[in-house]
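Quick note: the sequence shown uses my numbering, first residue 4, plus one each step. Ideal placement from N, C-alpha and C gives every residue a C-beta, glycine not left out. Please read all numbers here as calculations on a predicted model, not as lab measurements. Before any comments, here is the structure.
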Amino acid sequence: MFVNVLTQVVILFILILIGYALAKTKVLSDKSVSGMTDLVLILVTPCVIVKSFFREFNKSDLKDLLISFLLGVLLHLAFIALSMLFLRDKNKDRQIVLQYAAVFSNCGFMAIPLQQALLGDNGVFLGSSFVAIFNAFVWSWGLLLMSGDKKTLKPLKIITRPAILALIIGLAVFLLSVRIPKIISEPVSMLAALNTPLPMIIIGFHLANSNVLKSFTDIKCILTILLRLILYPAAAITVMWLCGVKGDMLISQAICCSAPVAAVTTMFSSKYNRDTELSVNLVSLSTLLSLITMPVMILLAEKLANI
């Protein structure tokens, strides 16, 4: 399992390097990457989620899905509570970015490709609920934290996010055992196949435009990354295992929990005039370090999953 995880992470790293090179050679620009990001968030990731539900209904899968939903909610609530307790700063803008970064993992860009590679459609099926819960918290607590304005909270906007709409469609297909004709399933599968290369290239582009070395001199930045990459996932994996979560469920959740700081941290920081430079450094450094920490965390989950 470790070799498989390491191999997949190295493959992702090569794709990140391609994005880095494309940025340095000016092949990619801010505008083109912004378009690619929209493409992934609005179309590609939803196709991955919908595709994972192309299966016959059975009670066992439904039970697993409900457990996955519950775990996603509980984990996010725990991460929020711990981040607000441990991450404090005299500069309010810095504190907000640090707390936000510790809570939200890059579960869409980094986790889903790994789940697909290591666990197949079943991994994405179980992980899709985490992504949906992630989106719900991003557009509720996360938005409130970054904006500081309760008026920004709009329930309809949360429900109509592409990933959540995809989950609703996927659930309907699964619960009703709808047989999807090839003329629809093939385009969905082709678009879903873009979910590995495009997000990694986007991450590589942002790495090329960041000052990662500066992050090593920021103690609270390092603490945030330690929480996001090591302490939170290790604690989550251990607690889930002690509660009886095993098999693909544990591994799938571990992949989501161990992913680096979410790229949306930078997007929200920029939009609401928080510490954007800090957010870029957090995303960049955590992404680089996750190439080491993610295999370790997934290996831990794999070992516990079979005990």
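- Burial is judged here by how many other beta carbons sit within 10 angstroms of a residue's own beta carbon; residue 132 has at least 16 and is buried.
- Pairing residue 241 with residue 90 gives a Cβ-Cβ distance that is not under 8 angstroms.
- Straight-line spacing of the CA atoms in residue 85 and residue 190 works out to 42 angstroms.
- C-alpha of residue 42 to C-alpha of residue 165: approximately 11 angstroms in a straight line.
- Ranked by Cα distance from residue 251, the first of 154, 120 and 161 is 120.
- Cβ contact annotation for residue 243 (same chain, cutoff 7 angstroms, sequence separation greater than five): 74, 253 and 256, in chain order.
- Under the Cβ criterion (8 angstroms, minimum of three pairs), the segment 267–277 does not count as touching the segment 215–227.
- Annotated three-state conformation of residue 264 is strand, per DSSP.
- DSSP places residue 246 outside any alpha helix (DSSP H), giving it a letter other than H or E.
- Under the DSSP definition of a beta bridge, residue 108 partners with 264.
- Considering only 230, 272, 209 and 100, the residue with the shortest C-alpha distance to residue 34 is 209.
- By alpha-carbon distance to residue 83, the top candidate from 68, 62 and 106 is 106.
- Within 10 angstroms of the beta-carbon of residue 151 lie fewer than 16 other beta-carbons, which makes it exposed.
- Sequence-distant Cβ neighbours of residue 288 in its own chain, meaning closer than 7 angstroms and more than five residues away, are 215, 218 and 228.
- Residue nearest to residue 201 within the set 79, 48, 88 and 185 is 48 (criterion: CA-CA distance).
- In chain order, 227, 264, 268 and 285 place their CB closer than 6 angstroms to the CB of residue 104, counting only its own chain and leaving out the 5 sequence neighbours on each side.
- In this structure residue 293 is not in contact with residue 282, their Cβ atoms being roughly 16 angstroms apart against a cut-off of 8 angstroms.
- The residues 278, in chain order, have a CB closer than 8 angstroms to that of residue 94 in the same chain once the five nearest residues on each side in sequence are set aside.
- Residues of the same chain with a CB within less than 6 angstroms of the CB of residue 174, apart from the 5 flanking positions on each side, do not exist.
- Counting along the chain, the unbroken alpha helix (DSSP H) around residue 175 starts and ends at 165–178.
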